[in-house]
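With the working numbering applied, the sequence shown closes on residue 349, and no number is skipped along the way. C-beta: ideal position from N, C-alpha, C; glycine also. Every value quoted in this text rests on a predicted model; they were computed, and no experiment measured them.
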Amino acid sequence: MNVPLRIAAVGLEHDEIYRVLDRVRRHDAAELVAIAERSGRLRMAAAGRYRVPVFPRLSPLLEDTAVDAVLVATANGNKAAAIEESLRAGKHVIAHAPLAVSLEQLDTVAQAQPASGAALLSLHPLRFTPAYVRLRELIAAGQLGAISQIVIITSQKVAATPRTQAFYDSPTHGGILTSLAVHDIDVLRWLGGDLTVTGALTQCYGVTEHAEFEDAGIVRCTLAHGGEGVVACNWLAPEAGESFQELTVVGTEGTAWISGGKLRAMSADRGSFPSNEIENHVNLVTQTEPGGAVPVEATGQAERDVVTSMLDAALAALRYADSREAATADALQTARAAVQAQASAWQS
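Next comes the structure, spelled out in structure tokens:
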């Protein structure tokens, strides 16, 4: 039986980190051994919740604790420094996206990784959402033919969770394309192969109390086999409604799409969440079939299962050198596409 990987965490400012830590604590292949967090309030809460040593900074944690991997979920602008420090200490890194908020930061991280001998992985829950997995299977099976277009629209509520002032500082937080569109860019790569960013724009439009906060953005990409990918994202979802995502794939032999509701599952804090039939199937129309709902294998899969599947994949990737190398290259490619898009938008 494999010895559980000893996991430390740094940064508790993002709500999603608690879902991951809760799974680590119950996972047969992992053991949560320590946490670093600069906020005294969050340190106190974490000590009570997880019953592990809690440090004010990452450096003393790495000095005093036997650790195999560090789970990084600090504020976006601080992630690259925490990743670099962990890598230089020879520790694997599992980071909540984004890995960096600028090309300079990403270059520093990318340069530190090979010398460390450690892996750098990025967490992208959309890859483990049942309908997205089913859609990828349909594409791989050739049911859509050659892919011409992939279009993703994501709308998030800006006040869905408490935000620190750093969240509204786009250079510190990374801008909307680095911080939000990074997940959609990852889906484009996952469905359509590697990509080249061809253009990007951002807007400071609707969140008027923070004049420089980017609340909408668009990215255009050329996909590996010549098709086009478009990501449109925003922080403008109505507060009375739900965050949502629409994804459409157009091919020479058919069109498939996933509509709405998916992000509701990802933001549920506890207990059950409203069922949503749409998120549990892929809509498909082909040249020969009038279309309908293609069911996924895991209908009704709960949000916790998405997070568990994501953690399972990360831990499995750390077990073998070949999988570590592939997962690291994948994480860096998605991160680079996102920061390149953001840089392009800021330069335009």
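(request) Pick out whichever of 232, 208, 258 and 119 has its Cα sitting closest to the Cα of residue 184. (result) With distances taken between Cα atoms, residue 184 lies closest to 232.
(request) Look at the alpha carbon of residue 240 and the alpha carbon of residue 90, and state the distance between them as a whole number of angstroms. (result) Their Cα atoms are separated by approximately 43 angstroms.
(message) Considering only the alpha carbon of each residue, which of 144, 156, 27 and 134 lies closest to residue 188?
(response) Among 144, 156, 27 and 134, the Cα nearest to that of residue 188 belongs to 134.
(message) Counting only beta-carbon separations shorter than 8 angstroms, does residue 6 have a partner in chain C?
(response) Looking at the structure shown, chain C is missing, and only one protein chain is on hand.
(request) Mark residue 235 as exposed unless 16 or more other C-beta atoms lie within 10 angstroms of its C-beta, in which case mark it buried. (result) With 16 or more other Cβ atoms within 10 Å, it is buried.
(message) Please return the same chain residues whose Cβ sits closer than 7 angstroms to the Cβ of residue 103, not counting the five positions on each side in sequence.
(response) Result list for residue 103: 340, in chain order.
(message) Can you tell me where the beta strand (DSSP E) holding residue 179 begins and where it ends?
(response) Premise fails: residue 179 lies in the alpha helix (DSSP H), 176-180, not in any beta strand (DSSP E).
(request) Tell me, to the nearest whole angstrom, how far the beta carbon of residue 109 is from that of residue 81; I am working on the premise that it is less than 8 angstroms. (result) Confirmed, about 6 angstroms.
(request) List the residues that DSSP assigns as beta-bridge partners of residue 362. (result) This structure does not reach residue 362, given that the chain is present from 2 up to 349, and the question cannot be answered.
(request) Return the CA-CA distance between residue 54 and residue 327, expressed in angstroms with no decimal places. (result) Approximately 32 angstroms, taken between the alpha carbons.
(request) On a CA-only basis, which of 316, 32 and 156 is nearest residue 243? Give me that one, please. (result) With distances taken between CA atoms, residue 243 lies nearest to 156 out of 316, 32 and 156.
(request) Can you give me the start and stop residues for the beta strand (DSSP E) that residue 150 sits inside? (result) 148-156 is the span of the beta strand (DSSP E), which, as asked, contains residue 150.
(request) Taking all protein chains shown into account, decide if residue 99 is buried (16 or more other Cβ within 10 angstroms of its Cβ) or exposed. (result) With 16 or more Cβ atoms within 10 Å of its Cβ, residue 99 is classed as buried.
(request) Identify every residue that forms a DSSP beta bridge with residue 124. (result) Residue pairing for residue 124: DSSP places it in a beta bridge opposite 97.
(request) Would you mind stating whether residue 21 and residue 312 have Cβ atoms separated by less than 8 angstroms? (result) Yes. Within cutoff.
(request) In the DSSP assignment, find the unbroken alpha helix (DSSP H) run with residue 329 in it and report its ends. (result) Where residue 329 is concerned, the enclosing alpha helix (DSSP H) stretches over 322-348.
(message) By DSSP's criteria, residue 72 is part of a beta bridge. Which residues make up the other side?
(response) 10 and 95, per the DSSP bridge assignment.
(message) Alpha carbons only, please: which of 199, 101, 226 and 51 is nearest the one belonging to residue 73?
(response) Out of 199, 101, 226 and 51, the CA that lies nearest to the CA of residue 73 is found in 101.
(request) Please report how far the alpha carbon of residue 170 lies from the alpha carbon of residue 308, in whole angstroms. (result) The straight-line gap from Cα to Cα measures roughly 28 angstroms.
(request) Would you decide whether residue 1 is buried or exposed? Buried here means 16 or more other CB atoms lie within 10 Å of its CB. (result) For the chain, the structure presents residues 2 to 349; residue 1 sits outside this window and is missing.
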